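What follows is one structure encoded as structure tokens, with my remarks underneath.
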Amino acid sequence: YVTRPSAHLCCPICHAPFLSPVTTPCGHTFCRGCILQSLTFTSACPIDRSPLQEAQLGPTMLIVQN
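Take a look at the structure:
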């Protein structure tokens, strides 16, 4: 990248731009692969520790609109 991507476009786990983003019921967004890996260690959101299961992950709403 010429400039670093905005933080709201990056996964809080891997710190890279989202790849196949999913959103938790508590409203946090992660790369699908990152959150699935996290869920193998603990059944909670990495941000606020809300209980979380894979089946609760949903599609991410529009992040950026041109």
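Take the sequence shown: its letter number 35 is residue 35 in full-length UniProt numbering, and every next letter is one higher.
Ideal Cβ placement from N, Cα and C applies to all residues, glycine included.
The structure displayed is predicted, hence computed values, not measured ones.
In terms of DSSP beta bridges, what is proline 59 paired with? Val22
Take glutamine 56 and list the residues in its own chain whose beta-carbon comes closer than 8 Å to its own, dropping the five residues that flank it on each side. Thr24, Pro25
Buried or exposed: which applies to leucine 19, given that a residue is buried once 16 or more other Cβ atoms fall within 10 Å of its Cβ? exposed
Top-ranked residue by Cα proximity to isoleucine 47, from Gly58, Thr40, Glu54, Ile35: Ile35
Which residue from Thr3, Arg4, His8 puts its Cα closest to that of methionine 61? His8
Enumerate in chain order the residues of its own chain whose CB-to-CB distance from serine 38 is below 7 Å, with the five nearest sequence positions on each side excluded. Ile13, Pro46
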